[in-house]
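Engineer: One structure follows; several queries about it will come next.
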Amino acid sequence: MLGHLKQALSASIGKKAWMAVSGLLLVGFLVTHLAGNLLYFADDDGSIFNAYAEALSSNPLLPIAELILATLFLAHIALGVRVSMENRAAREVPYHAKAAHGGRTTASRSMMITGLIVLIFLIIHILDFRLDPKAHDDMAGAVQAKLSSGRGALTYGVGVAALGLHLSHAIASAFHTLGLNHPKYDSILQTAGRGLAVVIALGFLAFPIYIYFSGGAA
Amino acid sequence: MKLTLQIWRQPSAEADGNFEIYTVGGVSEDMSFLEMIDQLNRQIVLDGGEPVAFDHDCREGICGMCSMVINGEVHGPIKGTTTCQLHMRSFKDGAKIVIEPFRAKAFPVVKDLAVDRSAFDAIITAGGFITSRTGSAPDGNAILVPKEDADQAMDAAACIGCGGCVAACPNAAAMLFTAAKVTHLGSLPQGQPERRARALSMVQEMDSQGFGNCTNERECEAACPKEISVMTIAQMNRDYLRASIAGDEA
């Protein structure tokens, strides 16, 4: 049993499958996170958004959910770094002349870089809103205070843009890795994957853009 | 035609290599790329030099021996062709052409442009076969094969094992080659008994040969002279994961 699990984690397709599963679960988290955040735009001086934040942080099951999320992130990152290092080692001498003609894109080329930016952004984001006790008294006010500054808006804008670029390659790629692709629906999968990435990125980008330019009057 | 060639020269596997610049004249646009190299080698030999070593055999695009990365493109600029099927009319007179060997840790350079692709043989040995009874030839129509399955198997079987997918992959992964073999045999009734074990053992061997991991960028499909689809990779991932989840042994 353990040997089987170990083999599944050391095999190339096994590692990629775990990366795909953890990544897709994290996309699921992003969609719920965005849905909750959008309550900020309710025209009620942030009271429903604050009530949502309060309901989340006072839920006794929250630590378990956070532990699962942290595990998913760490597994995804650890496997990503390992796969990337193996990939570098697989070609010791680079080509002198370079030409790419397949599906290689800015997004697919920069997965490690965008992943690193998202990680740094995630740490800043957790420090700003999850670990700052003052933020929990008035979440809507804390969001407004953070994103109405140029520096705050820029940090969140860059973090979310990197996330969007990462996802534009990641979502369809994860399905392919899990074997869930076929010539009959490949083009739909590619479009839907990029589409979902754009929706998630634009959804989250709405916050720094709206708050910075409106001065935060929600 | 007169061309300037920048070619990777490496006396042996252990020796360091470097690029050498050659000028070759009298090239006809009807020559294949390999015939152009033959012309260059004739010139080098007449000058008392060591000819450029390169892999070649059938020179009609079916053996999988010829290789080379030409101006950064595996098998050159024309889609769906091997280097031997590439003609000099695809280049302009006076052009400068950079010629490199396939680059992958699992494909060490033997000499100049010739690389050792034995790693592919090891992958085939691990599971690229079916079990069949010996004796007299079986009746051709004894086992019926649906047309769709036959087409899928035939498309995958077009792989000539040249290694262009590995050379074009940003990670030097051998997924397209292995997936073509897994899909070819796994699509047919005769390949079913070993289907799951085959996916496990061929992937295990592929990993142990030092190839990289797939990042789904489809450079392999674009470079493949036989235009094998990356959908074979999705098929192999399915077979592999199904076998893994079922707890099968390689």
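So the sequence lines, in the order shown, correspond to chains A and B. Sequential numbering from 0 applies to the first sequence in numbering that gives the first Met the number 0. Sequential numbering from 0 applies to the second sequence in numbering that gives the first Met the number 0. Backbone N, C-alpha and C fix where the C-beta goes; we use that ideal spot for every residue, glycine too. Small disclaimer: the values here were computed from a predicted structure and weren't measured.
#1: Look up N215 (chain B) in the DSSP assignment and say whether it is helix, strand or coil.
#2: Mark H181 (chain A) as exposed unless 16 or more other C-beta atoms lie within 10 angstroms of its C-beta, in which case mark it buried.
#3: Give me the chain B residues within the contact set of L177 (chain A), using Cβ-Cβ distance strictly less than 9 Å, ordered along the chain.
#4: Only counting the same chain, and skipping five residues up and downstream in sequence, which positions put a Cβ closer than 8 Å to that of L38 (chain A)?
#5: Starting from the Cα of V51 (chain B), find the closest Cα among B:H86, B:G79, B:T80, B:V109 and give me that residue.
#6: What's the C-alpha gap between A217 (chain A) and G102 (chain A)?
#7: From V229 (chain B) to F28 (chain A), what does the alpha carbon distance come to, in whole angstroms?
#8: Using a Cβ-Cβ distance cut-off of 7 Å, determine whether V202 (chain B) contacts chain A.
#9: Nearest CA to the CA of T190 (chain A): which residue from A:L66, A:S167, A:K15?
#10: Give me whichever residues DSSP pairs with N17 (chain B) in a beta bridge.
#11: Hey, quick one: how far does the alpha helix (DSSP H) through V109 (chain B) stretch, first residue to last?
#12: Would you say A217 (chain A) lies against chain B (beta-carbon separation less than 7 Å)?
#13: Could you pull out every residue in the same chain whose Cβ sits closer than 8 Å to the Cβ of Q38 (chain B), ignoring the five residues on either side in sequence?
#14: List the whole-angstrom C-beta distance separating P169 (chain B) from E220 (chain B), where the pair is believed to meet the contact cut-off of C-beta under 8 Å.
#15: When the distance is taken between beta carbons, is M35 (chain B) closer than 7 Å to M87 (chain B)?
#16: How about the segment 189-202 of chain B and the segment 90-100 of chain B: do they share at least three Cβ pairs that are nearer than 8 Å?
#17: Less than 7 Å separating the beta-carbons of G79 (chain B) and E226 (chain B)?
#18: I need the straight-line Cα distance from S243 (chain B) to G13 (chain A), nearest angstrom please.
#19: Answer yes or no: do L188 (chain A) and A169 (chain A) have a C-beta to C-beta separation smaller than 7 Å?
#20: Which residues share a DSSP beta bridge with E72 (chain B)?
#21: Check the Cβ-Cβ distances between M67 (chain B) and every residue of chain A, and say whether any is below 7 Å.
#22: So, for L25 (chain A): in the same chain, excluding its five sequence neighbours on each side, which residues have a beta-carbon less than 6 Å away from its beta-carbon?
#23: Give the secondary structure of I122 (chain B) by DSSP, where H, G and I count as helix, E and B as strand, and everything else as coil.
#24: Does the pairing of the segment 152-166 of chain A with the segment 199-212 of chain A give three or more beta-carbon distances under 8 Å?
#25: Along the chain, where does the alpha helix (DSSP H) that runs through K146 (chain B) open and close?
#26: Looking at chain B, is there any beta carbon in it that lies within less than 7 Å of the beta carbon of A89 (chain A)?
#27: Is K95 (chain B) near T3 (chain B), with beta carbons less than 7 Å apart?
#28: Could you run through the segment 84-101 of chain B and flag, in chain order, every residue whose CB is less than 8 Å away from some CB of chain A?
#29: To the nearest angstrom, report how far apart R195 (chain B) and E248 (chain B) are at their CA atoms.
#30: For the candidate residues A:S213, A:F212, A:F203, A:G214, whose alpha-carbon lies nearest to that of N36 (chain A)?
#31: Nearest to G158 (chain A) by CA position, among A:S83, A:L118, A:M138, is which residue?
#32: Out of B:G126, B:G71, B:D54, point me to the one whose CA is closest to A64 (chain B)'s CA.
#33: With K145 (chain A) as the anchor, note down where its alpha helix (DSSP H) starts and where it stops.
#34: Hey, does K104 (chain B) have any beta-carbon neighbour from chain A nearer than 7 Å?
#35: On a Cα-Cα basis, can you pick out the residue from B:G246, B:E193, B:L175 that is closest to N236 (chain B)?
#36: Does F210 (chain B) come within less than 7 Å of chain A when only Cβ atoms are used?
Structural biologist: Quick look at the numbers:
#1: coil
#2: exposed
#3: A233, N236, R237, L240
#4: I47, F48, Y51
#5: B:V109
#6: Confidence at A217 (chain A) is low in this model, with a pLDDT of 45, below 50, so its placement is unreliable and the value that follows should be read with caution. Those two C-alpha atoms are separated by around 42 Å.
#7: 29 Å
#8: yes
#9: A:S167
#10: B:R8
#11: Here V109 (chain B) belongs to no alpha helix (DSSP H); instead the beta strand (DSSP E) covers 108-110.
#12: The predicted position of A217 (chain A) is uncertain, since its pLDDT is 45 and thus under 50; no value can be drawn from it.
#13: V23, G25, V26, M30
#14: The pair is not a contact, with the Cβ atoms about 13 Å apart (cut-off 8 Å).
#15: yes
#16: no
#17: yes
#18: 8 Å
#19: no
#20: B:I69
#21: no
#22: L71
#23: helix
#24: yes
#25: 146-156
#26: yes
#27: yes
#28: V97, E99
#29: 9 Å
#30: A:F203
#31: A:L118
#32: Residue identity differs from the one stated: residue 64 (chain B) is Met in this sequence, not Ala. Comparing Cα positions, the closest option is B:D54.
#33: 138-146
#34: yes
#35: B:L175
#36: yes
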